[in-house]
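Here is the structure we will look at.
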Amino acid sequence: MHATRHKPLTCTLVADGSSDRVLVPLIELLLDEHCDRAYRSPHFAELPAGTPLEQRIASALDQFPCDLLFVHRDAEKQSPAHRNEEIKQAMASLKTPPDFVAVIPVRMTESWLLVDEKAIRTAAGNPSGKVRLDLPTLARIESLPDPKQVLFDALRTASELSANRLRKFNPEEKRHRVSDLMDSLDRLRQIPSFAHLEDQIRAHFAA
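The opening position of the sequence shown corresponds to residue 986 in this note's numbering, with each subsequent residue numbered one higher.
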């Protein structure tokens, strides 16, 4: 948290599912870069799956009122523009909506975690490993049909565990460690959907 005289900025994240908690460290990286006042780590609103977006946003704001709301939707089979419009309509349904930023990875959140080989190796418990991970190039990441599976496969490979020990390896748990370990925006900025997220945050704090 930055030291400053101003009241700390409060943030809340509404996401598609509980696994999208991995977005919190990435949002913090962006806040560190662009927010010149103190901020509190974004609250992650745990909400029932399948609830309409408008209800999830309203419930999140009841639980965690905030200055800045991050609304996540994976693009999946829809265009980012379509998801962005869904978020805008949901926010327009609120009586007094806070400022908000749309967080829309192409396909799914895990695509953004694939940019950091060092974080993947460290999260897998083998930071000095040399085995090839065959991670996709930055240009290919947003066209992957299943980035979650690619990430999980990379984590298993990076662990270099024996077949017997690999059966107890939990890539879902390690996924959260990957985002915690990511400490640079350089490669993330080369992913168009992440660059768009940063543009929104930059514009918000420049206003």
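We treat Cβ as the ideally placed atom computed from N, Cα and C, and that holds for glycine.
What is the DSSP secondary structure of L1129, counted as helix, strand or coil?
-> Within the sequence shown, residue 1129 is the residue found at index 144, counting from 1. Note: L1129 maps to coil in three-state DSSP.
Closest by C-alpha distance to V1086, when choosing among A1075, N1149 and R1162 = Taking the first residue of the sequence shown as 1, we reach residue 1086 at position 101. In terms of CA proximity to V1086, A1075 leads the group A1075, N1149 and R1162.
What's the gap between the Cα of I1186 and the Cα of Q1040?
-> Mapped onto the sequence shown, residue 1186 falls at position 201. Mapped onto the sequence shown, residue 1040 falls at position 55. Cα-Cα distance, rounded: 24 Å.
Would you say L1123 and R1172 are within 8 Å of each other, going by their C-beta atoms?
-> For the purposes of this step, residue 1123 is identified with residue 138 of the sequence shown, where counting begins at 1. For the purposes of this step, residue 1172 is identified with residue 187 of the sequence shown, where counting begins at 1. Yes, Cβ-Cβ distance for L1123 and R1172 is below 8 Å.
From the DSSP output, read off the bridge partner residues of A1087.
-> As a working note, residue 1087 is residue 102 in the sequence shown. The partner list for A1087 (beta bridge, DSSP) reads V1056.
Cut-off 8 Å between Cβ atoms - residues of its own chain near E1157, not counting five sequence neighbours on either side | As a first step, residue 1157 must be located in the sequence shown, where it is residue number 172. Cβ within range, chain order: S1004 and F1137.
From P1121 to L1099, what distance separates their C-alpha atoms?
-> Numbered from 1 along the sequence shown, position 136 holds the residue referred to as residue 1121. Numbered from 1 along the sequence shown, position 114 holds the residue referred to as residue 1099. Rounded to the nearest angstrom, the two C-alpha atoms are 8 Å apart.
What is the C-beta distance between R1025 and L998, in whole angstroms, given that I count them as a contact (C-beta under 8 Å)?
-> Along the sequence shown, one-based indexing puts residue 1025 at 40. Along the sequence shown, one-based indexing puts residue 998 at 13. With a Cβ gap of about 12 Å, R1025 and L998 do not count as contacting.
When DSSP labels each residue in this structure, what does V1135 get in the three-state scheme?
-> Within the sequence shown, numbered from 1, the residue matching residue 1135 stands at position 150. Note: V1135 maps to helix in three-state DSSP.
Compare the C-alpha of L1182 against each of H1019, D1001 and Q1134 and name the closest.
-> Residue 1182 sits at position 197 when you count from the first residue of the sequence shown. If we check each option's Cα against that of L1182, H1019 comes out closest.
N-terminal and C-terminal residue of the beta strand (DSSP E) that V999 is part of | Counting from 1 along the sequence shown, the entry for residue 999 is found at position 14. Annotation: the continuous beta strand (DSSP E) that includes V999 extends over C996 to V999.
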